[in-house]
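Residue numbers (our numbering): 20 to 478. Worksheet: one structure, shown below.
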Ligand SMILES: [Zn+2]
C-alpha cells in the first residue's frame, strides 16, 4: 500500500486516488529564462520516481502527470530585452535545454506540459469567478485576491496573516486592502507581453497560472500536488486559495508533497556565493544516471547536501550494480516485474535509501546465484532498476562511457591485437598489450563472451 507524507495534514497517509482509472498529479515546472540548476532538478527526479511508481500501481495510461511551463515572467522579459530578441526565442531555447537535461537525468516526460501563455483565457475565467464570488477585487488596473475573505488562508503553510506580514516577503502597495493580498492580474510595463482583460490590459500573476491550468488540464480536485518546499508559501498557499474560492469547494489537491532543500557543501546555493551548479554543464563530464542517483540518495523530504564526494560515491554505487550485470551479460532475460521489497520501500513515502539497499541486496543475490536462479536474479535487478529509472544502459557502454572516442578506438584495437596474440599463443605479446591497456587506465575483464573492459576508478 502506498503511503505519502501530506504537507497539509502533516502526516504520512495511505494514498487513495479519487478515481484509480485516472490518477492526477501536478508539479510546478520551470520558468524558462535560463538553464535549470541542480536544486530545480531535485523535484523533477523525485516526482519522476513517484510517477513511475503510480504507473506501476495503476497502469501507464491511468496516471496523468502535468508539469507546467511558465513562459510569461519578469525574468524572461528581462533576458529577452538584454539579448534584444523576441521572448519566444528565449522560452523556446531554454525549454529545449530543460527537456534535454531532464531527459539525461532519466526523467520521463510528463503526460501534459501546459504553457501559461496558452491558458490566459482560463486564468481570466478563474479571476472572473473569484471577483464574482467576492474573493478578489480590482484596484488601479490590478486584481487582487482578498485574503481576509478566506478564513482558511494560511492552512497549508501553517501561518496566519500576521505572521505573513512579519515575514515581510509580502509586497506593500496602496491599492491593497491587506498587505498579504496577492496579485491575480496586473498592468504590463512597456515592452512586456500584454493581453486585454475586463480589468484592463495586462498580464496574469504567477500563482493564478497554476490553479487555472490545473482546473483546465486535470480538473479539480487533483490527487497529488508536488513541488519544492520553498513553494509552500506563498505559491502553493495562493494556488490553493484561488482554486478553492473560485468554485467554493473544500478541496484543491488531495495530497500535497514537497521535497526538501538542496545545499551546496553545507551552504545555501546562490549566485552571490558563486556555487550554483547547473546540470547542463555537469552533464558534459558526469553521466545523467550518476546525477539521478545522487539526487535520490537521501530521502526526498530531508535536505540534501550536494558535494563532489556525493557524485563520486554515486558513480561507485552504480559501477557496483553495472559490474554485477556485466558479469552476466551473456544471460538473456525478458522483462520482469519489480521485486516486492523494492516496491515496498518506495511505497513507504518514496524511501529511496531503502530501495537502494534493496538494489544492492539484489546484486548480491545475482552474484551468488547459479544456473536458472541467475537469470531470475538478473531479471529482478533490471526490473527494480527500471522502476527507479536506473540500469538501462548496456554494462559495457556504461563502463566505457567515461572514455572519449579516441581512447575507445585505441582500446578496441589493442583488444583485437590481444585476441590475435593469444590465438597465436604469443603470451609475451598478449601480456605486453595488457600492460599497455593498464597504462591507459583500462581494466580488462575476461568472460565467457570474450573480454570486456572499463576505466579504472579515479584514485
Ligand atoms: Zn505552481
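C-beta: ideal position from N, C-alpha, C; glycine also.
| query | result |
| --- | --- |
| Cβ-based neighbour list, residue 151, same chain, cut-off 6 Å, excluding 5 preceding and 5 following | none |
| Sequence-distant residues of its chain with Cβ nearer than 7 Å to residue 481 (five each side left out) | Beyond the ends of the chain as shown, which are 20 and 478, falls residue 481; an answer cannot be given. |
| Cβ-based neighbour list, residue 478, same chain, cut-off 8 Å, excluding 5 preceding and 5 following | Because the pLDDT of residue 478 is 44, which lies under 50, any placement of that residue in the model is unreliable, and the number read from its coordinates should be weighed accordingly. Correct list: empty, nothing qualifies. |
| Sufficient close CB pairs (3 or more, under 8 Å) joining the stretch 242-254 to the stretch 272-285 | yes |
| Residues whose Cβ lies closer than 6 Å to any heavy atom of ligand 1, in chain order | 47, 229, 254, 258 |
| Simplified DSSP assignment, three categories, for residue 65 | helix |
| Ranges of the beta strand (DSSP E) found wholly within the stretch 224-290, counting only runs of at least 3 | 241-247, 272-278, 281-283 |
| DSSP state of residue 30 mapped onto helix, strand, coil | strand |
| Of the listed residues 460, 263, 91, 303, nearest to residue 174 (C-alpha basis) | 263 |
| Distance between residue 400 and residue 33 (C-alpha atoms, nearest Å) | 27 Å |
| Inter-residue spacing [alpha-carbon to alpha-carbon] between residue 373 and residue 233 | 33 Å |
| Residue 194, DSSP secondary structure in three states | coil |
| Sequence-distant residues of the same chain with beta carbon closer than 7 Å to residue 41, five excluded per side | 81, 83 |
| Euclidean distance between Cα positions of residue 241 and residue 273 | 6 Å |
| Burial state of residue 59, where buried means 16 or more other Cβ atoms lie within 10 Å | buried |
| N- and C-terminal bounds of the beta strand (DSSP E) containing residue 144 | Segment 139-151 is the alpha helix (DSSP H) holding residue 144; no beta strand (DSSP E) there. |
| C-alpha distance - residue 330 paired with residue 412, whole-angstrom precision | 19 Å |
| Delimiting residues of the alpha helix (DSSP H) encompassing residue 441 | 424-442 |
| For residue 445 and residue 351, the rounded distance between their alpha carbons | 34 Å |
| Any non-hydrogen atom of ligand 2 closer than 7 Å to residue 326 Cβ | No copy of ligand 2 appears in this structure; the ligands present are ligand 1. |
| One or two residues paired with residue 50 in a DSSP bridge | 89 |
| The beta strand (DSSP E) enclosing residue 473, as first and last residue numbers | 469-474 |
| Helix, strand or coil at residue 381 according to DSSP, with G and I counted as helix | helix |
| Neighbourhood of residue 160 by C-beta distance below 6 Å, restricted to the same chain and skipping five residues each side | 206, 219 |
| Contacting residues, own chain, Cβ-Cβ under 6 Å from residue 343 (five flanking each side not counted) | 382, 385, 386 |
| DSSP three-state assignment for residue 183, whether helix, strand or coil | helix |
| Residues bridged to residue 157 (per DSSP) | 162 |
| Which of helix, strand or coil DSSP assigns to residue 56 | coil |
| Pair within 8 Å by beta-carbon distance, residue 143 and residue 216 | yes |
| Beta-carbon spacing of residue 201, residue 259 below 8 Å | no |
| Residue environment, residue 462, which counts as buried when at least 16 other CB atoms sit within 10 Å | exposed |
| Helix, strand or coil at residue 478 according to DSSP, with G and I counted as helix | Confidence is the limiting factor: at residue 478 the pLDDT is only 44, short of 50, which leaves the residue's position unreliable, though a coordinate-based value still follows. Three-state DSSP puts residue 478 in coil, outside helix and strand. |
| Three-state secondary structure assigned by DSSP to residue 525 | Because the chain spans 20 through 478 in this model, residue 525 falls outside it and cannot be assessed. |
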